[in-house]
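Taking the working numbering, the leading residue of the sequence shown gets 851, the next gets one more, and so forth. Every residue, glycine too, gets a C-beta built ideally from N, C-alpha and C. Worksheet for the structure shown next.
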Amino acid sequence: MRARVEHMFAAVKRLWGFDKVRYRGLAKNATRAFVALGLANIFLARGVLDGKVRP
């Protein structure tokens, strides 16, 4: 279970440069994090969304 969660955070850090967080205010940081994690979920599920099935 832990590897799945950490894989998602790795995708967020690698693809969208979320390795350092600048102080922008709590609401802006939270919004940026929620959007990045939502995009990571879509990115990691792209095979399922495309209809491709792993053997």
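query                                                                                     : result
Buried or exposed by the 16-neighbour rule on C-beta atoms within 10 Å, applied to Val862 : buried
DSSP state of Leu900 mapped onto helix, strand, coil                                      : First, the residue type needs correcting, since residue 900 is Asp and not Leu in the sequence shown. Here Asp900 sits in helix by DSSP.
Exposure label - Ala890; buried when at least 16 CB within 10 Å                           : buried
C-beta contact flag for Leu865 and Phe893 at 8 Å                                          : yes
Extent of the continuous alpha helix (DSSP H) to which Gly867 belongs                     : Segment: none, Gly867 is in no alpha helix (DSSP H) and carries neither H nor E.
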